[in-house]
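For the sequence shown, the UniProt record's numbering assigns the number 1 to the initial residue and increments by one for each residue that follows.
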Amino acid sequence: MISPYQQILEPELWLDINSKIVAPNEPISSSVLPPRKILNVTLPTRTTLTSNIITDAHTLEISSWIDKRKSRYTENNPYEFKLLVRGSRDGFDVKTIYEICDKVSNTVIVLKVKDTGEILGGYIPCELDKNKNEWIYSQDSFAFSLRTTNLKNSILSRVYKFDHAIVESPQHSQLFFGNTLCLLGNLKTDNQCHCLQNSFSYDKPIRSEELMDHRRCRFNVEEYELPKNIVTLPFFFPN
């Protein structure tokens, strides 16, 4: 049945299609364009972020987690990461994050732990609000620990208790991913940041037990960055 397509086809093309069905060996008058050329072009690898903490390989891994891919991106990152906040540039108090990122969504926070060199972080798909103190609902947020010389494989921890995904509390200078990654006060000096093993809203801890003994349960941050991930359009090539 081709009658449903009559409204979107040109009259001449419509008549030609009908004629072709009735008499398939007869010529038609409509112009038939040649097929599009397929170009074998290698897309350039995007440098997604000038970072003091993470590499392009790290951003590819984070992008894979955002898209919930089973296999990791190895090139051509679909996202551009635009830096919004950097501790050494803008300040280390958690309130700074809320001031600069007010009403901003789809952000990633990465931080380098002092003394251990761990790279911890989390993805915040929802908007932060500098005037609210509440739990944020999210089905897509996650916390992580990235592979470094001291950690053989990255650790991904996804939220499963969606109504307790993220605590935004600018009034108390707090930003929590459940209790899997808890950021408080001045990240550089207050020694209040921590990650608990018995997470109640994310599926696994992101720090190894040997780095979470009683001496290192709480930690300071050497540097942190908070970029926004921006979807980049695919490359298009003319005929």
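All residues carry an ideal CB built from backbone N, CA and C; glycine is no exception.
| Query | Result |
| --- | --- |
| Cβ-based burial, residue 165 [other Cβ within 10 Å; buried from 16] | buried |
| Those runs of the alpha helix (DSSP H) which lie wholly inside the stretch 75-151 and span at least 4 residues | 87-90 and 94-100 |
| Proximal residues to residue 182 (C-beta, below 6 angstroms), its chain only, five neighbours per side dropped | 176 and 194 |
| For residue 223, the first and last residue of its enclosing beta strand (DSSP E) | 221-231 |
| For residue 168, the residue or residues it bridges with in DSSP | 134 and 175 |
| C-alpha distance - residue 71 paired with residue 15, whole-angstrom precision | 48 angstroms |
| Candidates 231, 90 and 225, of which the one nearest residue 50 by Cα | 225 |
| CA nearest to the CA of residue 192, picked from 97, 138, 113 and 84 | 113 |
| DSSP bridge partner residues for residue 186 (one or two, in chain order) | 93 |
| Buried or exposed by the 16-neighbour rule on C-beta atoms within 10 Å, applied to residue 143 | buried |
| Terminal residues of the beta strand (DSSP E) in which residue 155 lies | 155-158 |
| Cβ-based neighbour list, residue 54, same chain, cut-off 6 angstroms, excluding 5 preceding and 5 following | 110 |
| Residue 97 versus residue 152 - alpha carbon distance | 30 angstroms |
| Start-to-end residues for the alpha helix (DSSP H) that takes in residue 23 | From DSSP, residue 23 is part of no alpha helix (DSSP H); its letter is neither H nor E. |
| Identified DSSP bridge partners for residue 181 | 177 |
| Cβ shell of residue 222 (< 6 angstroms), same chain only, five flanking positions each side left out | 112 and 114 |
| CB-CB length for residue 107 against residue 84, believed under 8 angstroms | 7 angstroms |
| Own chain partners of residue 105 with C-beta closer than 7 angstroms, once the 5 adjacent residues on each side are dropped | 125, 126 and 127 |
| Alpha carbon of residue 180 to alpha carbon of residue 76, nearest angstrom | 31 angstroms |
| Distance between residue 18 and residue 26 (C-alpha atoms, nearest Å) | 11 angstroms |
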